[in-house]
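Working notes, structure below.
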Amino acid sequence: MPVTADNNQEIAPNSPKAIRKAVRTARRNLSLTQQKEGSILAAKSALDKLKQIQASKVALYLTNDGELDTAPLIEMLWQHGIEVYLPRLHPFSAGNLLFLQYDQKTTLEKNSLGIWEPKLDITQMILPHQMDVMITPLVAFDEVGNRMGMGGGYYDRTLANWQATGKPFPIGYAHNCQKVSQLACQLWDIPLPFIITPSKSYSFG
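Okay, so the sequence shown: first residue is 1 according to the UniProt record's numbering, each after it adds one.
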């Protein structure tokens with residue numbers, strides 16, 4: 001079954017590889033103006049949601065490969081006294097993430113995937129269940145909250161037990177063009193209860 005982006009352009013066939021390629025191309029093709037305006041609109045919506053649920057510790061990511069820019073949201077969180085945490089690849093456990101506090105003084109370095117992450121400092125680490133919210137990157141999402149990542153499974157592993165503890169509450173963060181009609185999911189894929197885009201927020205179940 002083909003999938004359709006929310007701009008009504010067909011993204012087919014319905015295979016993970018085809019969807020990743022089509023959606024990543026679509027978000028890379030957004031103009032700088034669309035990127036900037038979209039990131040500000042999404043940041044305002046995210047801040048409203050975080051204040052509503054009284055989140056004080058929030059995990060985010062640094063934008064890469066055309067993802068919805070998190071920089072405006074990070075600045076807003078700092079201004080409101082909300083602690084920000086960033087992921088870094090676990091040095092000893094392949095496929096897993098660590099989370100470290102991030103502020104204006106944090107030293108960043110590129111990991112093996114070419115993504116900026118905090119320099120390892122165990123004094124700044126936090127466990128996932130100690131955070132209130134985890135804002136996750138994604139390649140695509142569908143009409144019932146299924147999330148497609150890059151295929152590494154990092155966030156699925158991190159969020160595997162979030163429903164048992166209630167933390168961290170996962171929120172997807174994406175451009176409008178990353179919504180498709182349907183995604184095929186595996187048993188280990190973690191659906192998202194809430195997703196924010198520049199034009200709309202989606203709540204699932």
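The C-beta atom is built at its ideal place from N, Cα and C for all residues, glycine as well.
Rounded to the nearest whole angstrom, the C-alpha separation of Gln-182 and Thr-107 is 39 Å. When secondary structure is reduced to three states using DSSP, Tyr-155 falls in the helix class. DSSP places Leu-47 in no beta strand (DSSP E) but in the uninterrupted alpha helix (DSSP H) bounded by 32 to 52.
Between the beta-carbon of Leu-100 and that of Pro-118 there is about 4 Å, and that keeps the pair under the 8 Å contact cut. A direct Cα-to-Cα measurement between Phe-204 and Phe-194 gives close to 6 Å. By the criterion of at least three beta-carbon pairs nearer than 8 Å, the segment 112 to 126 is not in contact with the segment 28 to 37. Taking 9 Å as the cut-off, the Cβ atoms of Val-84 and Val-180 do not count as close. The way I'd put it, the segment 140 to 157 doesn't touch the segment 70 to 77; fewer than three beta-carbon pairs between them come closer than 8 Å.
Only exposed fits His-129, as fewer than 16 other CB atoms lie within 10 angstroms of its CB.
The way I'd put it, the segment 62 to 73 doesn't touch the segment 91 to 99; fewer than three beta-carbon pairs between them come closer than 8 Å. In this structure, DSSP gives Leu-98 an extended state, which the three-state scheme calls strand.
For the 9 Å CB-CB criterion, Phe-141 and Met-134 do not form a contact. Residue pairing by DSSP places Trp-78 opposite no residue, since no beta bridge is assigned to it. Under the criterion of beta carbons closer than 8 Å, Pro-198 and His-175 qualify as touching, at roughly 7 Å. Assigned with DSSP and collapsed to three states, Pro-87 falls in strand.
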